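Below: one structure, written as structure tokens.
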Amino acid sequence: MKKCVIIPDSFKGSLDSIDICELASAKVKKFFPACETISLPVADGGEGTVECFLHAMEGERITVKVHGPYMEEVDSFYGRFGDLSVIEMAAAAGLPMVGDRLNPSLTTTYGVGELIRHAVENGAKRIILGLGGSSTNDGGCGCASALGVKFYNSDSKAFVPTGGTLGQVTSIDISEAEKFLKGCEITAMCDIENPMHGLTGAAHIFGPQKGADPEMVKDLDSQMMHLDKIIQRSLNKNVSQLSGAGAAGAFGAGVVAFLGGTLKSGIETVLDIVGFDRIIQGADAIFTGEGKIDSQSLRGKVVIGVSRRAMKQNVPVYAVVGDISDDAVAAYDMGVTAIFSINRVAVPFSIAKTRSRADLQSTMEDIMRLIKSVENRC
-13 MKKCVIIPDS
-3 FKGSLDSIDI
7 CELASAKVKK
17 FFPACETISL
27 PVADGGEGTV
37 ECFLHAMEGE
47 RITVKVHGPY
57 MEEVDSFYGR
67 FGDLSVIEMA
77 AAAGLPMVGD
87 RLNPSLTTTY
97 GVGELIRHAV
107 ENGAKRIILG
117 LGGSSTNDGG
127 CGCASALGVK
137 FYNSDSKAFV
147 PTGGTLGQVT
157 SIDISEAEKF
167 LKGCEITAMC
177 DIENPMHGLT
187 GAAHIFGPQK
197 GADPEMVKDL
207 DSQMMHLDKI
217 IQRSLNKNVS
227 QLSGAGAAGA
237 FGAGVVAFLG
247 GTLKSGIETV
257 LDIVGFDRII
267 QGADAIFTGE
277 GKIDSQSLRG
287 KVVIGVSRRA
297 MKQNVPVYAV
307 VGDISDDAVA
317 AYDMGVTAIF
327 SINRVAVPFS
337 IAKTRSRADL
347 QSTMEDIMRL
357 IKSVENRC
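Here the numbering used here is used: position 174 in the sequence shown is 160, and no number is missing along the way.
Laid out in structure tokens, this is it:
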């Protein structure tokens, strides 16, 4: 093996993608010391997205003070890569930032807008926005407000809506933000398909993990439905049923409605930005993986996104995962060459996560021994 590419997602709760790259690369080098090994850690748009891009590409981490989920001043950051900036909303409105103050009716994405503003004012022409790990349900109104979008109430006064005050919006003016963002392309990384509101929307599906009880969930959903109507009336845009509109407290819908952005698969965004198609040219193998490969994976997450592109260049793809569901066999029709689970002794996740590092190393060693054996026989 002369060249390989390592491009895993994280194993949620046990190993991040940078760790996986380092562990896998060490095993490749043990058996194939001369092999060119390229590591491309992947994150899904949540916490760690910027670090993954900084690991894969030449860039710099920019630190800036913004307003957090409760409008308190916080230290935040984003990644700068020439005229491209990568921002994870979790860095300004993430769930860990609220601690035990869980309340999606009060939290805001305002600080995310401040990150975008700082990036644009410092030369960004393209922005990749990671939608993951949010503490909010404001439809991206806070972010939009920081960029100049005006949300008016019945007294014709502009205010910054939160999840619990979306129902007070009577009209929206995006002209100032359109002028500010002119010439800047915004793409949001989004791997869920949930709509803006309804039983499978932002409030019902993701509200409870952000602290919403059943009564609050109903109220948040009702307020989001109101915002949807105002968007249609004021902006003549229908965004509620877009795939991913409900991501990050319906921030997905807000990206399109208020910022003129687009929603795109997280892995497809990563592969395009890092030049994956060029990188894998001449590769003998690709090693990818995620915490569990199942029916959700088959809808276009990391393993399948990688394998579909690799298949076009006839590069073998080995998926090293935490667990394998019965329906994962369909991955073989999508370009995956072989799937290996690191759960070597078939234990529950509570135990498996404590030994995942060693188990990953052992599994990679087994795979390397197999590849080495086959090469020696050829």
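Even for Gly, the Cβ is constructed at its ideal location relative to N, Cα and C.
Quantities reported herein were computed from a predicted structural model and do not represent experimental measurements.
Your pair Met182 and Gly150 does not check out as a contact, with CB atoms roughly 16 Å apart and the cut at 8 Å.
Membership of Met175 in the beta strand (DSSP E) is indicated by the continuous run Glu171 to Met175. Straight-line measurement puts the Cα of Lys287 at about 10 Å from the Cα of Gly275. Looking at the backbone, the Cα of Gln227 and that of Asn180 are separated by about 8 Å.
Of the candidates Arg66, Leu152, His104 and Asn108, the residue whose Cα lies closest to the Cα of Thr122 is Leu152. In the displayed model, Leu228 falls within coil according to three-state DSSP, outside both helix and strand.
In this structure, Ile158 is the residue among Ser11, Ile158 and Ala132 with its C-alpha nearest to the C-alpha of Ser142. For the 8 Å CB-CB criterion, Glu33 and Gly99 do not form a contact. Under DSSP, Thr23 takes part in a beta bridge, and its partners are Cys(-10).
Following the DSSP letters along the chain, one finds Phe262 inside the alpha helix (DSSP H) bounded by residues Phe262 to Ile265. Inclusion of Leu245 and Ala130 in the CB contact set at 8 Å is warranted, their separation being smaller than that value.
When the alpha-carbon of Lys250 is set against those of Ser229, Ala269, Arg264 and Phe262, the nearest one is in Ser229.
Shown here for Asp69: same chain residues with a beta carbon closer than 7 Å to its own, the five before and five after excluded, namely Gly109, Ala110, Lys111 and Arg112 in chain order. Between the C-alpha atoms of Gly261 and Asp177 there is a straight-line separation of about 20 Å. Ile216 is a Cβ neighbour of Val155, given a cutoff of 8 Å. By the CB criterion at 8 Å, Tyr304 and Phe273 fall inside the cutoff. Among the bridge pairs identified by DSSP, Glu46 is matched with Arg66. Taking C-beta separations shorter than 6 Å and ignoring five residues to either side along the sequence, the partners of Ala324 in its chain run Tyr304, following chain order. Taken atom to atom, the span from the alpha-carbon of Ile4 to that of Ser(-4) is near 8 Å. The continuous beta strand (DSSP E) containing Lys250 extends over residues Thr248 to Lys250. A straight line joining the alpha-carbon of Thr248 with that of Thr255 spans about 11 Å. Residue pairing for Leu92: DSSP places it in no beta bridge. One alpha carbon belongs to Arg355, the other to Phe17, and they sit about 8 Å apart.
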